[in-house]
Amino acid sequence: MSQLLYVSSSLSGPGSKSGQIASEFIDAWRAGHPGTKLVARDLGASPVPHLTGERLGAVFTPREKRSAHQQATVAEIDALIEEVEAADTIVIAAPMYNFTISSTLKAWIDHITRAGRTFRYTADGPEGLLQNKRVFVVTGRGGVYTGDSPMKSYDFQEPYLRTILGFLGLDDVTFIHVEGQQISADAAAQGLSHARSTIAKHFAPAQAA
Ligand SMILES: Cc1cc2nc3c(=O)[nH]c(=O)nc-3n(C[C@H](O)[C@H](O)[C@H](O)COP(=O)(O)O)c2cc1C
Numbered sequence: 761m762s763q764l765l766y767v768s769s770s771l772s773g774p775g776s777k778s779g780q781i782a783s784e785f786i787d788a789w790r791a792g793h794p795g796t797k798l799v800a801r802d803l804g805a806s807p808v809p810h811l812t813g814e815r816l817g818a819v820f821t822p823r824e825k826r827s828a829h830q831q832a833t834v835a836e837i838d839a840l841i842e843e844v845e846a847a848d849t850i851v852i853a854a855p856m857y858n859f860t861i862s863s864t865l866k867a868w869i870d871h872i873t874r875a876g877r878t879f880r881y882t883a884d885g886p887e888g889l890l891q892n893k894r895v896f897v898v899t900g901r902g903g904v905y906t907g908d909s910p911m912k913s914y915d916f917q918e919p920y921l922r923t924i925l926g927f928l929g930l931d932d933v934t935f936i937h938v939e940g941q942q943i944s945a946d947a948a949a950q951g952l953s954h955a956r957s958t959i960a961k962h963f964a965p966a967q968a969a
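If you read the sequence shown in our numbering, its first letter stands for residue 761, the second for the next number, and so on.
This is the structure we're talking about:
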């Protein structure tokens, strides 16, 4: 069965614009791909902790030597990785905070990026081990960073996500930007409508297969 992993990461809960558009995208996707199982990981409501030395140490401790606490930690981290491995489609709702992703999304990335599991180093360089998956990233942004915007060089969100996702083998990544959310009511409405028309144009169920 096809599985869609939805990772949301806004601190704004139901008011999240990236979440709103990602939900609309997922509804359209599931209408075009009946039977798709949805798995939701809401990092805003239930943040993954920072990757501490203690947590990483639990992963590196040989299985038979792990304490009960370390076993629980590794099980928690493995569950995050298994969700990604099991999905053939991944939708990430990513608000822009301070020109990049949220710290909660970064903490999730820190946990799923594991040598020998989601990437490995080879004689020819690093190799991503997450393959044959489609990724859609819906960003939420107060300003505008696309097109001819003078703010373009401040965007450390899309370039970073493209780099780290590509490093993991996820190179089929489509961005849907919801921009202008803090400029004015008109700009915010325009940002939402632009994102919706992007979805309608390029990701209508019939064309998304
Ligand atoms: C802590 C914080 C930092 C932000 N930093 C930026 C920023 O650097 N650039 C920007 O365009 N908007 C910034 N914003 C505005 C958000 O990107 C905007 O509210 C967007 O809608 C967030 O996505 P969401 O609605 O899905 O949460 C920031 C908002 C917060 C709360």
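Every residue gets a Cβ at the ideal spot worked out from N, C-alpha and C, and that includes glycine.
State the DSSP-derived secondary structure class of residue i, mapped to helix, strand or coil.
i	result
D838	helix
S768	strand
T934	strand
Q950	helix
G940	coil
A969	No answer about A969 holds up, because its pLDDT of 48 lies below 50 and its placement is not dependable.
Just to confirm, does residue i get its C-beta within under 6 Å of one of the non-hydrogen atoms of ligand 1?
i	result
S770	yes
M761	no
Q941	yes
N858	yes
S778	yes
R901	yes
P855	yes
Please tell me whether residue i and residue j are closer than 7 Å, where the distance is taken between their beta carbons.
i	j	result
T878	L889	yes
L798	L764	yes
P722	S778	Because the chain spans 761 through 969 in this model, residue 722 falls outside it and cannot be assessed.
A867	V808	yes
Q830	A818	yes
I872	V844	yes
V895	V933	yes
I781	Y766	no
H793	S762	yes
I936	A955	yes
K893	L952	no
Q942	G902	yes
F927	F859	no
V904	E939	yes
Checklist entry - Considering only residues of the region 772-857, which uninterrupted beta strand (DSSP E) runs meet the minimum length of 3 residues and lie entirely inside it, listed in chain order? => result 797-802 and 849-855
Item to check | beta strand (DSSP E) runs contained entirely in the region 852-900, provided each spans 3 or more residues | outcome: 879-882, 885-888 and 894-900
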